[in-house]
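Quick note: the sequence shown uses the numbering used here, first residue 861, plus one each step. By construction, the Cβ of each residue, glycine as well, lies at the ideal position given by its N, Cα and C atoms. In what follows, a structure is listed as structure tokens, so that the remarks can point back to it.
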Amino acid sequence: MEMRRMRPSLVVAALVFACVLGAVPRAASALSEKEEIELGQKIDAEIMKKNQLDPDEQAQKEINEYGRNLVKFVKRPQIPYHFKILKDDEFNAFSVPGGYVYFTSRLWNVMRKDERIGVLGHEITHVDERHAIDAISKQQRRQTIISIILIATRASDIWGDIAGLAEQMYTLKYSRGDEQRADTGAVTLCQKAGYNPAGILLAMYKIKRFEDEAGGAPPKIFSDHPPTKERLQYLKQLLTSRGIPVPPENVQTVNMPDRIGEVTSVNGNTIAFTSSKPLKPGDTVWVMREGWDFYYEKRTAVPAARAVVITPGTTISANIYIIPSTKKVQIANGMGVYAPPAPKVENGVGSLSGRLVLSSPPAVLER
């Protein structure tokens, strides 16, 4: 699975967040909690100008329920927290000062309950520990080029004045220490709230599988974080030190029973395949590739293309018409062919949108 870059509107929101903090002429760490809350309101308003809430009311209800239970145990209970799922196809979760925590709908949907709560605990801890504000404050001391006279929490025209600083300020990274503290906080909050304290580790297992699917490149959500292997090791040691069983990283391979054959050749937009089931012209079959069902945690077949039979026989030919794929996929000999009904698409795995790039063999599937 290829992890695409964060949607431009979310990048802008992140840049605005960094720039607003950079616009404060005194040290960012000197912000009072009142100013921090006002700052969060401004950032949230900017984010919501360019994003929509996910229409899934049940999901919004769940994130609020989990979040409310976790923040009962934060160190700064006077910060009002807000939890939102943004309608977005990227994998991302982030937080900003003042108690605002966001998930994209894509990430929310591929994670299970324990994993969602673990990530929420991680982001809540970033807010509770003022990690973003402290990181910007340290960066300010390194970047003497930043000089601006407006007060971010009071200036009405701040957005226009800070636009030029966006590229310069988009270098904020949490330190390894902050990330470890956020992971520790996630475990602690989950313990106190009665949730699975290994949830953040389960989430990291899933992120590791994201990386494997993307050829080793981390998704944007964790591209600025310590390496996944390092975090996994830290979390396992943390859980062990607290007497919490470390869940294994199980990988199941699940065979789908409706496989009828396999691809034997590819020629542009036409494939040939064998079939144990009689087919006639116009019948639809599915070409499937090996993939990972990120929600149900299993290695299984996922849709690569839909094809319509042209010529029946011992070796059947068919035209490829649609590609449900999240990355470029090469239709190749040996891929499984499956009979209808169409495979159920689960939680963004094998989404039914895409286009076929038709060329001389092999056919390349591109989203």
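Does the separation of the CB atoms of G978 and A1053 fall below 9 Å?
One-based indexing of the sequence shown puts residue 978 at position 118. One-based indexing of the sequence shown puts residue 1053 at position 193. No. Outside cutoff.
Looking at the strands, I want to know which residues DSSP matches up with H942.
Against the sequence shown, residue 942 aligns to sequence position 82. Answer is Y960.
Classify N1179 as helix, strand or coil using the three-state DSSP reduction.
Numbered from 1 along the sequence shown, position 319 holds the residue referred to as residue 1179. Residue state, collapsed to three classes: strand.
Three-state class that DSSP yields for V934 in the structure shown
Here residue 934 is taken as the residue at index 74 of the sequence shown, counted from 1. Coil.
Just mark S955 as buried or exposed, buried being the case when its beta carbon has 16 or more other beta carbons within 10 Å.
Locating residue 955 in the sequence shown gives position 95, where the first residue counts as 1. Buried, because 16 or more other Cβ atoms sit within 10 Å of the Cβ of S955.
7 Å CB neighbourhood of N929 in its chain, flanking five on each side removed:
For this step, residue 929 is matched to residue 69 along the sequence shown. Once the five neighbours on either side are set aside, the close Cβ partners of N929 are A1053.
Would you kindly report the start and end of the unbroken alpha helix (DSSP H) that includes S965?
The residue you call residue 965 lines up with position 105 of the sequence shown. Residues 965–970.
DSSP on I1120, reduced to helix/strand/coil?
On the sequence shown, position 260 is the one that residue 1120 refers to. I1120 falls in the strand class under three-state DSSP.
What number of angstroms, rounded off, separates the C-alpha of S892 from the C-alpha of L913?
To locate residue 892, count along the sequence shown from 1; it is residue 32. To locate residue 913, count along the sequence shown from 1; it is residue 53. If I take the Cα positions, the gap works out to 29 Å.
Take E1090 and list the residues in its own chain whose beta-carbon comes closer than 7 Å to its own, dropping the five residues that flank it on each side.
Against the sequence shown, residue 1090 aligns to sequence position 230. Correct list: empty, nothing qualifies.
Roughly how many whole angstroms lie between the Cα atoms of P1163 and V1147?
To locate residue 1163, count along the sequence shown from 1; it is residue 303. To locate residue 1147, count along the sequence shown from 1; it is residue 287. Approximately 6 Å between the Cα atoms of the pair.
For C1050, I'd like the list of residues in its chain whose CB is within less than 7 Å of its CB, leaving aside the five on either flank, ordered along the chain.
Locating residue 1050 in the sequence shown gives position 190, where the first residue counts as 1. Answer for C1050: I977, G978, G981, N1056, P1057, G1059, listed in chain order.
Output the distance between the C-alpha atoms of E989 and G958, rounded to the nearest integer angstrom.
For this step, residue 989 is matched to residue 129 along the sequence shown. For this step, residue 958 is matched to residue 98 along the sequence shown. Rounded to whole angstroms, E989 to G958 spans 11 Å at the Cα level.
Report the residue from N1179, G1037, H942, P1138 whose alpha carbon sits nearest the alpha carbon of Y960.
Translated into positions along the sequence shown, residue 960 becomes position 100. The residue with the shortest Cα to Cα distance from Y960 is H942.
Per-residue DSSP class, three states only, for G1037:
To locate residue 1037, count along the sequence shown from 1; it is residue 177. Residue state, collapsed to three classes: helix.
Can you have a look at A1167 and say buried or exposed, based on whether 16 or more other CB atoms are within 10 angstroms of its CB?
Residue mapping note: residue 1167 aligns to position 307 of the sequence shown, counting from 1. Under this definition A1167 is a buried residue.
Quick one: using the 10 Å Cβ neighbour count with 16 as the cut-off for buried, is F1133 buried or exposed?
Working through the sequence shown from its first residue, we reach residue 1133 at position 273. Buried, by the Cβ-count rule.
Apart from the five residues just before and just after G900, which ones in its own chain have a Cβ nearer than 7 Å to its Cβ?
Counting from one through the sequence shown, the residue named residue 900 turns up at place 40. V956, P957, G958, G959, Y960, listed in sequence order.
Can the beta-carbon of G1121 be found closer than 9 Å to that of K1140?
Within the sequence shown, numbered from 1, the residue matching residue 1121 stands at position 261. Within the sequence shown, numbered from 1, the residue matching residue 1140 stands at position 280. The answer is no: Cβ separation not under 9 Å.
Quick check: the Cα distance between Y1094 and Q1040, rounded to an integer number of angstroms?
Position 234 of the sequence shown, counted from the start, is the residue given in the question as residue 1094. Position 180 of the sequence shown, counted from the start, is the residue given in the question as residue 1040. Those two C-alpha atoms are separated by around 8 Å.
Proximity of P1108 and L1099 at Cβ, strictly below 9 Å
Locating residue 1108 in the sequence shown gives position 248, counting from the first residue. Locating residue 1099 in the sequence shown gives position 239, counting from the first residue. Taking 9 Å as the Cβ cut-off, P1108 and L1099 do not qualify as a contacting pair.
Between the alpha carbons of L946 and N924, how many angstroms are there, rounded?
Your numbering for residue 946 matches position 86 in the sequence shown. Your numbering for residue 924 matches position 64 in the sequence shown. Those two C-alpha atoms are separated by around 13 Å.
Classify A1063 as helix, strand or coil using the three-state DSSP reduction.
On the sequence shown, residue 1063 is found 203 positions in, with the first residue counted as 1. If DSSP states are grouped into helix, strand and coil, A1063 belongs with the helices.
Assigned secondary structure, I1191 (DSSP; H/G/I helix, E/B strand, else coil):
Against the sequence shown, residue 1191 aligns to sequence position 331. Residue state, collapsed to three classes: coil.
Measure how close the beta-carbons of H991 and D1038 come, nearest whole angstrom, since I'm counting them as under 8 Å.
On the sequence shown, position 131 is the one that residue 991 refers to. On the sequence shown, position 178 is the one that residue 1038 refers to. So it is a contact: roughly 4 Å between Cβ atoms.
Alpha carbons only, please: which of F933, A1046, F951, Y962 is nearest the one belonging to D974?
Here the question's residue 974 lines up with position 114 in the sequence shown. Nearest of F933, A1046, F951, Y962 to D974, Cα basis: A1046.
Where do the N-terminal and C-terminal ends of the beta strand (DSSP E) with G1196 fall, by residue?
Counting from one through the sequence shown, the residue named residue 1196 turns up at place 336. G1196 -> beta strand (DSSP E) spans 1196–1198.
Sheet register partners of L1228 (DSSP bridge)
The displayed coordinates of the chain run from 861 to 1227. Any statement about residue 1228 would go beyond what the structure contains.
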